[in-house]
Every structure is written in C-alpha cells, then in structure tokens.
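Structure record follows, encoded as structure tokens.
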Amino acid sequence: MPTSFTVVPVEAQGEERDGQPQEEEQEEDERDRSSGDGVARESSPFINSAEMERGNVYEGKNMALFEEEMDSNPMVSSLLNKLANYTNLTQGVVEHEADEDSKRKEVKVPRMGTCIGVYLPCLQNILGVILFLRLTWIVGTAGVLESFIIVFMCCACTMLTAISMSAIATNGVVPAGGSYYMISRSLGPEFGGAVGLCFYLGTTFAGAMYILGTIEILLTYITPSAAIFKAEEVSEETEAMLNNMRVYGTCIIILMAVVVFVGVKYVNKLALVFLACVILSIIAIYAGVIKTAFDPPDFPICLLGNRTLSKRSFDVCAKFTESNNETKTTALWSLFCDSPLLNATCDDYFNLNNVTEIQGIPGIMSGVLSDNLWSAYSEKGSIVEKKDQPSVAGSEETKMSGLPYIFTDIMTYFTMLVGIYFPSVTGIMAGSNRSGDLKDAQKSIPTGTILAIATTSFIYLSCIVLFGACIEGVILRDKFGEAVNGNLVVGTLAWPSPWVIVIGSFFSTCGAGLQSLTGAPRLLQAIARDGIVPFIQVFGHGKANGEPTWALLLTAGICEIGILIASLDSVAPILSMFFLMCYMFVNLACAVQTLLRTPNWRPRFKYYHWTLSFLGMSLCLALMFICSWYYALIAMLITGCIYKYIEYRGAEKEWGDGIRGLSLNAARYALLRVEDGPPHTKNWRPQLLVLLNLDSEQLVKHPRLLSFTSQLKAGKGLTIVGSVLQGIYLDKCTETQKAEENVKALMGVEKTKGFCQIVVSPSFRDGISYLIQSAGLGGMKHNTVLMAWPQSWKQTENRFSWKNFVDTVRETTAAQQALLVAKNIDLFPTNQERFTEGSIDVWWIVHDGGMLMLLPFLLRQHKVWRKCKMRIFTVAQMDDNSIQMKKDLQMFLYHLRLNAEVEVVEMFENDISAFTYEKTLMMEQRSQMLKQMQLSKNEREREAQLIHDRNTASRSTPAVKTSVTAAAPEKVHMTWTKEKFVAEKHKNKDLNVSGFKDIFNMKPNQSNVRRMHTAVKLNGVVLNKSQHAHLVLLNMPGPPKNRKGDENYMEFLEVLTEGLDRVLLVRGSGREVITIYS
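So in this note's numbering, spot 270 of the sequence shown is number 333, and the numbers just go up one at a time.
What follows is the structure in structure tokens.
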C-alpha cells in the first residue's frame, strides 16, 4: 500500500547565536581533521563523526529526547548530507594542480568514466618495453608453444589477481594508495607496510627497467654512434654496452627526476601522447602482419652453413663476386681469411660451408610457424643457428672471437624467460590507484581492469603466434637485430616503416619511466604518512603543495641501483618478485575476507570466489620460484624483516583488518579445543593473575611486581593483570579507563605480555573475589595468583588490608589455585639488572605439588636470574634419617632434570624459649587491644548518633518516641530520656576501662605459642643459611580455620620471613605440577 510523506520544516530556535561560536567550531573541526599524526584524514562521515556542527544539533525541540545521544552521534540528516558530499581524490597531482591554481577553491567532482579512468591507464601500464624489445626473442628461444604457456600463466595470474582486487576495491571506498591501501586495510598494518614497500620497490625498479629500455632503443636502433664506450673487439661489446647504459641511465634519471619535481602536471598531460604511441605501434605490427600475407618485406639474412652472420661488418652476402670476368673477394672474405687473395688461409668452417641468403620475414603464409613451434635454448656465447640448414662441422679449435657470427649474450632456459616476461603484464593496479578520480569507482575498476587484462592478453597471445608465423627463427633469436642491419626485430615486421615501432617504443618507454618516477614517491609518501614504519616517516613530508620531495630523492637513488645493474634482463626478474609478492597478498586478502565472512565484507563485484583467490595466490607463489628461487627467498626475507619490524616498532593501528578477524577465529577455535579443565602435568605452567594495588592517581604502587611477572613468564603462557577500584561503575568510568591505560603502559615498559582487567566493586574484598572467580575465558584461565605482601598491615588506618589478604589466601585455596606472595617486592630486581652470582634458595617444608621446584627453573630462563645457582633446603625432624633424605632428594632432582645443590637441615625438638612465649603474649595483647579500640570507636560513633537523634526528636515533637539503630555490632532499641542517656554513657566508659585492664592479665593461647615457636625457630634456620641469597622461596602455611585468629596468622608470617630481603611465599594448588616422566 503506497504511503505519502509530508516534510514539514521546523522553525530554527538558535537564531540568537552569533558568529563567534561558529568560528570556534570551524577551528575545532580543523583540529579534529588533522589530529593524530598530522595527516589530513578522509572526509568520511564514519571518521571523526564528532565533527558535526553542533549548531544544528539542538535546534528545535522535536529531538529534545535525544539530546544526550547527539553529543556523540550525528542526526540522520547530517549523516546523509555528509555521505552525499563525500569526495576522495588521489594524492599528488590533484594537490599540485590545486596549489598552482589558487583561484580554484572547491575541488572538482570526479568525472572520469571506465574507459578514460581505468581501461586506458591499465592498457598503457601493461603494454610496454618487453613487448617491443624482448617478446620476439622469447618466442624464438622458447618456441611458440612454450611462449604461449609463459604468457598464459602470467596473464592468468594477473586476471585472478584482478578478480580479487575488484572484490576488495568494490567493498567500500578505496582512497588514494591503490593496492597498498587495499592490502593494509584488509590484512593489517604489518602486511600492508611490508607489501606496500615491496610494491614501492617494484614500481621503482620498473622505472629503472623502462629507462634501460629507453637507452637500449636509443643506442642500438636510433643513434648507435652516440655511444661513449666503443668496443674494439666483439667480445668487449657487451661490457661497453653496459657501461654506456650506466652513464646514459644516470643522466636520464637525473633529468626525469627534475622533470617530475618541476612539472608533474605536464607529465600526466603527456600520458595520452605516450599511450597514443603504444597504440599506433601495435596497430603498425598488425598492419605489417596482414601485409606479409601478400607482400612480405625484403629483409635478407646471411647464413654461413647454418650459422647466422651479423651484417654490420659487410654488405654483400657472398665469399667473392665476379665483375668483368674477374673474381674479387668480398668484405666477408676478409673477415674469415688472413688476406683478400683467393689463395689466402681461411677459417676451416668458412672453407667447408657455403654462404646463403634467405628472407628474414617470409610472411604469414610461408609455413615457418612449424619451424618455430619448439624451443631452442642455448648456452651463453653460443652461435645462433638455423636448425634445418645443411652445414659441415669444422675444426673445433677455430677461434670464434672476431668472426661476424651472432652470439647469444646470456644462457637461456624456461624459468629465466618467465622472469623476464612477467613485468610486461604488470600495471593492473593503475585503475585502482585512480579510484578517487572516478565517477563510479565500484563499477569502473572491475570492468576497466578486467577488460584491459583481456585486451592485453589477446594482444600478447596473438603476437606470439603471429611472430612465430611471420619471422624466421634465427631472426627471432637475434636479440638486437644484428642480422637485419641492426634494425629492431619487431620493427622489421611493422608497416609502413620500422621507424614507427622504434619511435613509438622510445616514447612509450620514456613515458612509462616518467610515470614510475611519478607514482612510486607518492606510494612511499602514503605509507610514510600512515605512520606504521617509523624509519620512513621523514619521506611523508614534501613541498607545501604536497609534492613528495624526499620520497622522490629516495626513489631516484633506488632507481640508480637498477641502472648500475645495467642489464634489462637482470633487472626484470627483480621487479617480477616484488610485483608477484604484492599480487599474492591481494589474493590472500580476498581469500581471507571471503572465508571469514565478516559482516562488513559486502563487495558489489560478485564474480569472485575464495578458490579463485587461493588459486591466484598459489600461482603467484609458484611463479616467484619459477622465475628465480633465490630472488624469491630474498624478496620473502625482505618482506618478513619489514613485517617483524612493524610488529616490533611500528605504530598501533586498528583498521578492522582480516588478520585481526582471522586471529579471532583462530582464538575461538583454539579456546573451544582446549579442554575446560586442568592440563596434563607435563603441560602445566603458571598462568598468572597478577593483583596490583593502585594509588589515588590510578598509578601502580608496586611496578616491580610486573617486572617479576615478566621474569617468571618470559612471554610464555597466560598473564592477566588485574586491579580493583572501590565504588560504583557508573561513577568510576573515567577512573577505570585511566587506570587501564596506566597499567597497560607499565606492562609495555616492563615487557609483560598479557591482558589487563580492571574491576569496579563496592568493596575491595568483593572485587578481588570477582577477579579470582571470573578472570580468563574457557580453558584459558589463570591457575596461579601473584600478589604483593601488605607491608602496612599493622597500621590502624589499614585495618582491612590484612583481612582482605587472608580472605584472598582462603579463596585461592577454595578455587584450587596456587598463590605466590612477594614480600619486600620493591627490593626485587628490574628487568635491566643482572645477577652475576648468588643463589635462589628453596625451603621445601611441605610438598605442594612441586611448585617450589618449578619456579626457580622458570626464573633462571630469564637473563636477570640466569647466573644464579639453585639451592634446595629441606628440614629433618628428630626421627628422620637426614643422610638418606639427602640421597633421596638428589635422586628426585636427577629424575626431574633439575640442577641444584641439596642440603638437609636438622631441627630438633627443644623447649619453648621465653622469647617465643613473650612474643606470642605481645601478639595476643596487641590483637585484643585492637579489638577494644575498634569497640570503643564503634561506641563513640553510636554515642554521636544518639545525640543527633535526640536533638532531632526534641526539635520536632518532644513526646515522640524515637527508635534508633546504632552503628554498633548489636542493635539498640529504646526510648531515651536525659537520665538514661547519662547512665548509658557512664556504663560504656566502665566497660572500656575494665576491658583494657584485662589485657594485661591475660595468658597466651598454647596453640599460638606452638605456632610462634615454629615460626621463630624456622626463621632462625633460614636466616642462618639464606640471609645472603638473592631470593628465598618458602612454603606458605595456610590460614587458620577459625577466622578469629586471622591477625595472629599475619604475625606468624611476619616472624617467619623477618630479616630476609626478598621472599616469595608459595602455596600450591593441591595438584602435581612437575613430573619425572617424559
């Protein structure tokens, strides 16, 4: 049923506002936009949503009910307005042009469609130097069939990558940065930074490859006389050419860097000219192929036997000529013989074989395709030979150098050709890099990129067949066209002239080099501005208009490395590695996002599947190792090092990436697999819950507790750092966040790897109980509680500290958890300290499951305690055989694979000393006195309450009877008169006086005397043996079952550890934690 809507305007209520608040809001908006690392963020409604102008929030009273929410959440109308006006332009050129054109204040709305914005840029980037300079040589060397396989593999790789890239690019808006942005936001900052830098290096080396191609065309096919280094012998030609490459390359890269620095706007405007050169060249090739069907071009090649000869040193393809009935030797004769005379001594092979001349381009109808189907790989320095041509082998001792043969300059094999060819299919990211300039990026990127790959794949595959069908095999294998008078081989096929290809390829490679030097610095700048790699942040800066000056200098420097390599065939596999690495992670990103099925994964491009992404990833990995296994390993090592560096030193970024989702899925799977019960004894390790105390500023009181935690854990197992804030959570939200930040910061400083959990509870005692009960998740729960000894438990203002402590001991026992209590924690070593000698002493009084044995072993794994030796003391009673005990203990430690010194200390029964008796009496008197003081305080509070109640009652109605509940432990219910009040007051005073008199007449409890006796005597023994030990581990006795003796329990522990610097009281969980079995 149709519904009608009427939009009724609401009158503005805020007209009285002046301009000043608006200015302040604009300033605040600007500050918010550039917050963080000083980089302007995308103008997205989902980022910095608090920027919404507050002026419209409270206008009108229709939305008064939602005023609280509007402080942090925008109105729907504001949100939709932001969405409608959202623009996102590429960095660099747009900023440069906007700066130069100061009159243009508003950014132009992107207007580029699929063809201009994606298809043609991809076409220009994919078609390039390899097509013109190396494809014919690849076809001649690998044969049509294997060349077809090479091209098909590479094109399939880029097509599968384009499908994955299309899915990622259409899953929301992709800002400038292209593939780097997609990978980093899909796989996280570590992968994004590592692969982004690899992509940057690939683009930079691509620039070097294009420049080398430009110089090769210039010096080989346009002006060979411009060479600075000349080769005197044939064997020196390669080295001379490489030196020329280095000199000219360095000059050209400086020139290009200056052009990019000064006039990047003109570089981008010339891109259309460079693209036109590429398209015209390809049209000329197809036109030439058609022409060969009925009128093949005349490019004769000279063969001696089956060996191809270079025509640079002679004109006539014959041994001698006849004119006027006179036989004259030719220039060719002079090259193979020692004199121009007919009776001269000549090369053996020259004498035995005839010189023949055949057509280099027989045409598409000649049937030469069958000869070129199969491969003809060769060693370095081999002569280019025609397979089916008859020849007579000469003497092998003949010196080859100096003869006009055409030699192969490198050893050829299938995998090497894959590495050289692959750069010719790169450039598929050109469309996604311009996503901000597109009218509809989510439609244009998939369509344009896939069409461009399909077009270029057809061009490459058809060229392979056409080259094989039109050109003689020896010409195809002639890399530099020496057999056809130094012409570009593919140019000999072109129509109307070879110069169309030569000039077109020259400008094409020149433009591609400029494009690389324009794009690579901006990619580096985008990575630097993200702030994920600290050491490259300097390259995020540039000129005032955003031009990346420092990044351009670095790019030119890295590009110079490629120039110094000087060989196009050596540079091509290097950039193949970096591009393949990038494409592999694009496929991985798509596969991970698809398999995780995250709610935000909703690409508009629907023709993708995780199997295709996985196939593309596998193909990229396979191609890396096919091209060059050692380059592949080096590229992986570089990527791994960058990944670990970002993980260790990089900025923390939360981009909602797939790796985080993958980690969550893996964690969930692992938690479900872990049994929700105690692990096997062999797998047991202390999973710690560390209880921290915070001061009034929410700072940690005892930071050394976290130092000790990291020393004990060494990054292994589970660590939960917990603390309790007293109060109501609604009132303590801010304090909780501050406390959590402080604790996490300290955990980072102390290198404690774990989780932080702050609990707010009405009482400190209940908060500790909540943590012990509920910290952890599933099978990942703590089994050990670590806390500091309450040093100030004797002070009256901390009367609850010892009660909380004893209750915590009881609760850990009830929860079957171990307990570690560090006494004098502030004296424990920091992580920077190192003990060069000394000992860790273990006093094994009661068997607690082996905790006392395991803890020193774990501590000695850390650098602080590594050089400390372990000593174990045990106590022998009157009836024990101390010698046998020592032997048994040594054997036990041997089976446990623990190295420790063993000593048995004998403690004989003797009379209780007067000192012990007196100390027990003082302890009980103090305890009783505290109770009386507590009672008298309660009485004073009750007295004040009674006076207050009486005054209140007398002011209102004197005859009214008031019922009072006093603040004492018992309840009082009475009707007060003045006489009764005075009598009650005197009665309380008398009771207090009599109570204090009884304290000095009491006798100590015999059970307490015996406990004190044990504590005093054991303390004496420990002090005697372990006073100078770096750490003493002691069995912690359990608290009394009767809660009335809790304060006496604290006194016993104090006496037991008196005089020791560092003590760790250990109370086991009641289960075995160490075993002698494997």
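Heads up, the beta-carbon is just placed ideally off N, CA and C, and yes, glycines get one too.
From a predicted model like this one, the values you see are computed outputs, not experimental measurements.
Is residue i helix, strand or coil when you go by DSSP?
i       : result
Cys220  : helix
Ser1132 : coil
Ala205  : helix
Leu617  : helix
Ile628  : helix
Glu896  : coil
Ile424  : coil
Arg665  : coil
Val1126 : strand
Arg923  : coil
Phe268  : helix
Ile364  : strand
Lys171  : For Lys171, the predicted model reports a pLDDT of 49, less than 50, meaning its position is unreliable; a value from the coordinates is still stated below. Of the three classes helix, strand and coil, the one that applies to Lys171 here is coil, per DSSP.
Ser864  : helix
Ile473  : coil
Tyr440  : coil
Arg873  : helix
Cys409  : strand
Can you say whether residue i is buried or exposed, counting buried as having 16 or more other CB atoms within 10 angstroms of its CB?
i       : result
Ala334  : buried
Trp906  : buried
Ile285  : exposed
Met428  : exposed
Thr893  : exposed
Trp200  : buried
Trp928  : buried
Lys886  : buried
Asn846  : buried
His1076 : buried
Ile628  : buried
Lys844  : buried
Val325  : exposed
Cys796  : exposed
Taking the alpha-carbon positions, what's the residue i to residue j distance?
i       : j       : result
Ser445  : Arg370  : 10 angstroms
Gln89   : Ser520  : Any reading at Gln89 must be qualified, since the residue scores a pLDDT of 47, below 50, and its modelled position is unreliable; the value itself is stated next. One C-alpha to the other measures close to 52 angstroms.
Gly1131 : Glu874  : 13 angstroms
Phe262  : Tyr484  : 18 angstroms
Glu122  : Ile821  : Any reading at Glu122 needs caution, since the residue's pLDDT is 45, under 50, leaving its predicted position unreliable; the model's value is listed next. If you take the alpha carbons of Glu122 and Ile821, they lie about 40 angstroms apart.
Tyr243  : Tyr732  : 30 angstroms
Arg665  : Phe215  : 31 angstroms
Asp451  : Ile527  : 22 angstroms
Pro509  : Val634  : 30 angstroms
Gly1101 : Lys926  : 33 angstroms
Pro41   : Val596  : Nothing about residue 41 can be reported from this structure: the residues present for the chain run from 64 to 1141 only.
Ser568  : Leu194  : 9 angstroms
Trp437  : Gly206  : 4 angstroms
Ile522  : Glu420  : 32 angstroms
Pro749  : Leu1081 : 27 angstroms
Quick one: measure Cβ to Cβ for residue i and residue j, integer angstroms, because I've assumed they're closer than 8 angstroms.
i       : j       : result
Leu405  : Thr392  : 7 angstroms
Phe936  : Lys1088 : 6 angstroms
Cys622  : Gly270  : 5 angstroms
Leu1097 : Val1126 : 6 angstroms
Leu769  : Glu798  : Contact flag wrong, Cβ pair sits at about 20 angstroms.
Cys653  : Tyr670  : In fact, because the Cβ distance is near 12 angstroms, the residues do not count as touching under 8 angstroms.
Ala877  : Met914  : Wrong, their Cβ atoms sit about 18 angstroms apart, outside the cutoff.
Who are the near neighbours of residue i in its chain, counting only those whose CB is closer than 6 angstroms to its CB and skipping five residues on each side?
i       : result
Ala257  : Thr702, Ile705, Tyr706
Pro1145 : Any question about residue 1145 goes unanswered here, given that the chain covers just 64 to 1141.
Ala1092 : Ser902, Asp904
Ala394  : Phe377
Leaving aside the five residues before and after residue i along the sequence, list all residues of the same chain whose C-beta is less than 7 angstroms from its C-beta, in chain order.
i      : result
Gly276 : Val192, Leu196, Thr572, Leu631
Val431 : Pro425, Ala532, Glu535
Strictly under 8 angstroms for the Cβ-Cβ distance: is residue i near chain D by that measure?
i      : result
Gly191 : This model lacks chain D altogether, as it is built from one protein chain only.
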